[in-house]
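Protein chains: 2
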Amino acid sequence: MSTSVSFDPVPPLRQLQTPCLLLDQARFERNVRRMRTHLAQLGVSFRPHLKTAKSIEVARRVMDSAAGPGTVSTLREAEYFAANGVRDLIYAVGIVPEKLDPLGAIRSTHGADMAVILDSVEQAEALSAWSAAHGQAVPAFIEIDSDGHRSGVAPEDAELLIAIGRILDGGAAELRGVLTHAGGSYALHDPADLRAAADAERDAAVTCARVLRAAGLPCPAVSVGSTPTATFADDLGGVTEVRAGVFMFGDLVQAGIGSCAEEDIALSVLATVIGHQSAKGWLIVDAGWMALSRDRGTGRQSVDQGYGLVCDETGRAYPDLVVLDANQEHGIVGVRPGSGAALPPLPLGARVRILPNHACATAAQFGRYEVMDGTAVVDRWPRINGW
Amino acid sequence: MSTSVSFDPVPPLRQLQTPCLLLDQARFERNVRRMRTHLAQLGVSFRPHLKTAKSIEVARRVMDSAAGPGTVSTLREAEYFAANGVRDLIYAVGIVPEKLDPLGAIRSTHGADMAVILDSVEQAEALSAWSAAHGQAVPAFIEIDSDGHRSGVAPEDAELLIAIGRILDGGAAELRGVLTHAGGSYALHDPADLRAAADAERDAAVTCARVLRAAGLPCPAVSVGSTPTATFADDLGGVTEVRAGVFMFGDLVQAGIGSCAEEDIALSVLATVIGHQSAKGWLIVDAGWMALSRDRGTGRQSVDQGYGLVCDETGRAYPDLVVLDANQEHGIVGVRPGSGAALPPLPLGARVRILPNHACATAAQFGRYEVMDGTAVVDRWPRINGW
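From first to last, the protein sequence lines are chains X and Z.
No gaps in the numbering here: position 320 of the first sequence is 320 in the working numbering, and each next residue is one more.
If you count the second sequence from 1, you need to add 387 to reach the working numbering.
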């Protein structure tokens, strides 16, 4: 709130008004180093997904350079990152004709190489027509449906793939390559299954690239990625670049999958104990679903973390203490059902950190990150939201 | 996105970039008239909860006057509404000592009568001490737990109630009254059960007011409310004011409870069809959980609406067409499982309106309302988010 302008730009932890969003810088940077090292060893480029953080301060610490490359999920992100110097972006949500004018404006205003994705003849024709009309060869990736979870051309549908490729390559647009996202990997947790998902994602993309090339079409880029498959991949032969986003912060869903450890989770919501319901074994905190998000992703995993796992002010998790339920601005904290853990005796005004189920969803509830070095607030990084 | 500055301030519907948030003004105003008339007939004051809309434009159309009264759930809302002329507010989340300085600053900067709520001796003592130290008699409501769903003093705990009352009345703070919120009513759907919940909410508050008065303590205000109980109440004898928020927009959860009809829902997310997965019977739209929120409140009701019910561009619902699943910026639209409905043949670029599960959660994903008169955009009302 703006009454906090009476604070220094970087206030001590105790002076932060709750709820607010903490980013543990050491964990974040370790997560980034781990992924970058892993992908370098696999010999592929890295195109981080910037939708998780929506912050240029974060992006600059994750990308190869201040100019990118990066991936975005909205035109608002595209414009923000382009305005902040990122020059190589993929807008990785299926393009529609109505979005070509604003996308073209971002490309020309900022001189950004922004590619789009599509999975139909209709989209390819519209893109080609727009490119011809505006004298801008917009690069496009053909989206491949590697695991049936959402969008894309089925990898076995060579006819459609080639038809789209011919329209892009033969007209005024540009065929940049193929792209897939193994979103189905979020449902896994066994390392062997995750490696198999990474292999399947790679194979779908590489096979489609071969089909295009065999038809005489160019396919310079073969883009794959999700945090679980990027983490578990051990052979990305034929792939040129990997996209992933949530790895940079980690979260409880990724910990449940095995893509990170609980100790890697860099994001938490700082909250204050505002009440006790001792007869019920509850603490009430001032972080409800508005702060934590409504994401209940761990509800489908073997360890259900409620609306989040509760740690002390320094970030050490209490045994089995979770947010059992949430209203808009209230979190109901208690011991995980079935565990024998005791409710810690936290007085009114005590501060806790709550690890989120899903970093992308929780971060989106806030306008900035309070950047932490241990228990010291060392910086504030703004982020964008909306469209 | 800011490239839309090339549009008129109020663009035609076709020029809105999707996803965006539509507010049907006629439905909104009808919902407000209905609630105001109902509460006037019951002889109680109305203190609408402003957390649903977080918009002064909305608030001014719901409150008795531009000065209030109103209810807020965060200090950010308190400051925003106070800065916009609202002078009579309750911050209806348990107060902690750390929040008294910013709260006091809002009170004195804007000359607002802002009351707090609390349910413990410790909070009452802290408030009394702060009031004495700052020469500000902060008014407080004792929160009553009328249905066991969250916070408050148990209505049968007269000893605690009186102990808190004595501290507030005997010290430098002010005992304003009692307040309760029957949040458990959200789990109901039978009108008789809802009327019983409204009676129980009233009885808990009125009983506690009597206990305080019998102990020689003042209790001028008896504040109750939730959208379901406010809607179904038929006797509020002893109650002085009602709080409710979501009624103004309505949503699918409230329709499932019976607090509104589907035709009363004033809020929707405008989205664009960005892809087809015909073999699976899916349409892909550009409103995922970031736009719709992760709220799955209808998942616990007899009719599960997925992530939202899909209507055409004019607001007419397609039979049994729902958002089956959602990723960050993708909604997967299909026919409700088990229904015999057909998938409407919506082409790429077609626009749909998606009715939300929970108005408070969905609205919070946006920075403004596109105000609609039928299919014409007639205004834009900004809203706040965050803390």
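Beta carbons are placed, not taken as given, at the ideal position from N, Cα and C, and that holds for glycine.
From a predicted model like this one, the values you see are computed outputs, not experimental measurements.
Count the other C-beta atoms from every protein chain shown that fall within 10 angstroms of the C-beta of residue i, then say buried if there are 16 or more, exposed otherwise.
i, result
"E77/X", "buried"
"V303/X", "exposed"
"Q428/Z", "exposed"
"R243/X", "buried"
"V540/Z", "buried"
"A66/X", "exposed"
"G686/Z", "exposed"
"R150/X", "buried"
"R294/X", "buried"
"R107/X", "buried"
"T52/X", "buried"
"R683/Z", "buried"
"G773/Z", "buried"
"P615/Z", "buried"
"T37/X", "exposed"
"G675/Z", "buried"
"P220/X", "exposed"
"R600/Z", "exposed"
Give me, in chain order, the residues of the same chain whose beta-carbon lies closer than 8 Å to that of residue i; leave out the 5 immediate sequence neighbours on both sides.
i, result
"P734/Z", "V660"
"A350/X", "T272, V273, E313"
"G430/Z", "L623"
"S432/Z", "L426, D451, P456, T627, E628, V629"
"D113/X", "R87, D88, L89, R107, P139"
"G111/X", "R87"
When the cut-off is 7 Å and only beta carbons count, does residue i lie next to chain X?
i, result
"T458/Z", "no"
"T618/Z", "no"
"A499/Z", "no"
"W768/Z", "no"
"A631/Z", "no"
"A583/Z", "no"
"C698/Z", "no"
"A748/Z", "yes"
Less than 7 Å between CB atoms is the rule here; does residue i satisfy it with respect to chain Z?
i, result
"T3/X", "Note on T3/X: pLDDT 40, under 50, position unreliable in the model; the coordinate value appears next. Closer than 7 Å: yes."
"C208/X", "no"
"T240/X", "no"
"E201/X", "no"
"T272/X", "yes"
"G177/X", "no"
"G386/X", "yes"
"G250/X", "no"
"E98/X", "yes"
Spatial neighbours of residue i within its chain, please: C-beta separation below 6 Å, excluding the five flanking residues on both sides.
i, result
"P526/Z", "A502, E561, R563"
"S4/X", "Its pLDDT being 40, under 50, S4/X is placed unreliably by the model, and nothing is read from it."
"S389/Z", "The predicted position of S389/Z is uncertain, since its pLDDT is 40 and thus under 50; no value can be drawn from it."
"A215/X", "I162"
"H568/Z", "S613"
"A678/Z", "P406, V656, Q752"
"A748/Z", "S680, D682"
"M372/X", "L22, D24"
CB-CB under 7 Å to residue i, same chain, minus the five flanking residues each way: which ones, in chain order?
i, result
"I167/X", "V121, A124, E125, S128"
If the cut-off is 8 Å on Cβ atoms, which residues from the segment 468-483 of chain Z count as contacting chain X, listed in chain order?
V480, G481, I482, V483
Using a Cβ-Cβ cut-off of less than 8 Å, give me the residues of the segment 406-419 of chain Z that come near chain X, in sequence order.
P406, C407
Output, in sequence order along the chain, the residues in the segment 326-349 of chain X whose CB is closer than 7 Å to any CB in chain Z.
N327, Q328, E329, H330, I332, L348, G349
Between the segment 529-552 of chain Z and chain X, which residues of the former have a C-beta closer than 9 Å to a C-beta of the latter?
E530, D532, G535, H536, R537, S538, G539, A541
Residues from the segment 274-304 of chain X in contact with chain A, defined by Cβ distance under 9 Å:
Looking for chain A here will not work: the only protein chains present are X and Z.
Which whole runs of the alpha helix (DSSP H) in the segment 542-575 of chain Z are 4 residues long or more, in chain order?
545-557
Completely contained alpha helix (DSSP H) runs for the segment 478-516 of chain Z, where each covers 4 or more residues:
487-497
Closer than 9 Å, Cβ to any Cβ of chain X: which residues of the segment 502-529 of chain Z, in chain order?
L505, D506, S507, E509, Q510, A513
Output the residue ranges of the beta strand (DSSP E) runs that lie fully inside the segment 605-681 of chain Z and measure 3 residues or longer, sorted by chain position.
608-611, 654-664, 669-672
Entirely enclosed alpha helix (DSSP H) segments - the segment 31-74 of chain X, minimum 4 residues
56-60
With 7 Å as the C-beta to C-beta threshold (strictly closer), list the residues of the segment 424-446 of chain Z near chain X in chain order.
K438
Please list the residues of the segment 641-660 of chain Z that have a C-beta atom closer than 9 Å to any C-beta atom in chain X, keeping them in chain order.
T659, V660
Listed from N- to C-terminal order along the chain, which residues in the segment 754-766 of chain Z have their beta-carbon within a distance smaller than 8 Å of any beta-carbon of chain X?
G754
To test your reading of the DSSP string, which unbroken beta strand (DSSP E) runs of 3 or more residues are found completely within the segment 297-343 of chain X?
309-311, 317-326, 331-335
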